[in-house]
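Please read the structure below before turning to the comments.
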Amino acid sequence: MRLSEEQLRAALRAEAEAHTPDREAMLDRISMAAMRESGSTRRHGPAGRRGPRVRMAAVAAAVVAILGGGGVGTWALAGADDRDEAEPAPTVAPATTVPGPPATAPVSAAPPSLATTRPSPARTTASSSRPPTTAPTTTAPSSAPVTERPRNTRESQGPLWSDGSIDPDSGDTQGASVITLKTAEELTALEVVIRVARTDGLVSRGGTKQTPGASVTTSVTEEPGALLYRFTLASADTLAPGTYTFTAKYTHPSGGRDAAGDTYRAVAATGSASLDVYGDFF
677 MRLSEEQLRA ALRAEAEAHT PDREAMLDRI SMAAMRESGS TRRHGPAGRR GPRVRMAAVA
737 AAVVAILGGG GVGTWALAGA DDRDEAEPAP TVAPATTVPG PPATAPVSAA PPSLATTRPS
797 PARTTASSSR PPTTAPTTTA PSSAPVTERP RNTRESQGPL WSDGSIDPDS GDTQGASVIT
857 LKTAEELTAL EVVIRVARTD GLVSRGGTKQ TPGASVTTSV TEEPGALLYR FTLASADTLA
917 PGTYTFTAKY THPSGGRDAA GDTYRAVAAT GSASLDVYGD FF
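If you use the working numbering, the sequence shown corresponds to residues 677 to 958, in order.
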């Protein structure tokens with residue numbers, strides 16, 4: 677049976693490891709053999725001429741025999757390493773990293789409704805084709821300005837009409853300035869202010885109103901030149917179409933009082949318009 681290279685190397689390696697040659701002993705043997713060969717040559721004469729060559733051949737053979745085992749052992753021991761060096765593992769070139777495409781933000785499955793992000797073109801066109809509608813004022817100013825100039829009047833506007841008069845039955849020392857309002861539409865806001873010019877001995881007795889079914893507050897404010905009687909419709913209330921009166925009461929010295937400096941103003945609102953009427957008591 678023929679051994680493979682691997683088996684042969686293994687067998688030689690085992691023999692080399694088991695054999696431990698005695699170098700000194702072998703050199704002594706070689707020297708002794710050479711000496712005997714030299715003596716034999718001297719005894720036999722001419723034949724000894726070939727002695728040196730024979731001796732050199734013998735010495736060389738011995739050296740080869742001594743070193744041969746070591747060489748073979750070395751070859752057996754180094755066989756595996758030589759084979760590995762003879763057959764180096766294939767070198768794999770490092771992979772070149774190719775930059776991938778830039779990351780793309782995930783796209784949502786369903787886009788948001790256009791109705792929640794921007795108005796439709798039709799609505800935009802409609803909005804741009806007409807001016808915005810302004811809701812009418814439905815609340816009267818908190819303080820309606822009152823003119824101090826008699827004869828500066830606007831007694832009616834739209835569905836609202838007004839009149840100022842002095843109650844002749846008030847008495848010799850008492851007076852009453854009455855505002856009468858008539859409205860053809862429901863009023864959603866109203867404020868009436870009666871300005872009674874200050875005269876000698878003038879003292880307020882409060883204000884009264886006739887506004888059935890509606891809540892109206894009354895207040896009197898004293899100013900250096902006049903008494904202001906204010907009547908304000910509650911913000912959550914309305915006045916139905918009809919006639920209403922508002923009266924400023926006061927006392928004065930006997931003999932009467934001059935009302936030439938008295939004025940009034942009424943500011944109101946309907947569901948579609950703001951109204952403003954004012955006048956005096958002539």
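Each residue gets a CB set at the ideal place from its N, CA and C atoms; glycine is no exception.
Would you say ARG933 and VAL868 are within 9 angstroms of each other, going by their C-beta atoms?
no
So, is VAL879 buried or exposed, given that buried needs 16 or more other C-beta atoms within 10 angstroms?
exposed
Enumerate in chain order the residues of its own chain whose CB-to-CB distance from SER895 is below 7 angstroms, with the five nearest sequence positions on each side excluded.
ARG906
Can you find the residues in the same chain that come closer than 8 angstroms, C-beta to C-beta, to SER930, ignoring five residues on each side of it along the sequence?
Taking SER930 as the centre and dropping the five residues before and after it, the same chain places the C-beta of ASP848 and THR849 closer than 8 angstroms to its C-beta, in chain order.
Mapping the DSSP letters down to three states, classify LEU948 as helix, strand or coil.
According to the sequence as given, residue 948 is Ser; it is not Leu. SER948: coil per DSSP, three-state reduction.
Assuming PHE963 contacts ILE870 under a Cβ cut-off of 8 angstroms, what Cβ separation, rounded to an integer in Å, is found between them?
Residue 963 cannot be examined here, being either before or after the span of the chain that is shown, 677 to 958.
So, with DSSP's three-state summary, where would you put LEU688?
Here LEU688 sits in helix by DSSP.
Please work out which residues of its chain come closer than 7 angstroms, Cβ to Cβ, to THR864, disregarding the five sequence neighbours upstream and downstream, and give them in chain order.
THR814, THR914, ALA945, THR946 and GLY947
Measure the Cβ-Cβ separation of THR856 and TYR920 and say whether it is below 9 angstroms.
yes
For the putative contact between GLU861 and PRO917, defined by C-beta atoms under 8 angstroms, what is the C-beta separation to the nearest angstrom?
Confirmed, about 6 angstroms.
Quick one: what does DSSP say ARG871 is sitting in, helix, strand or coil?
Strand, per DSSP.
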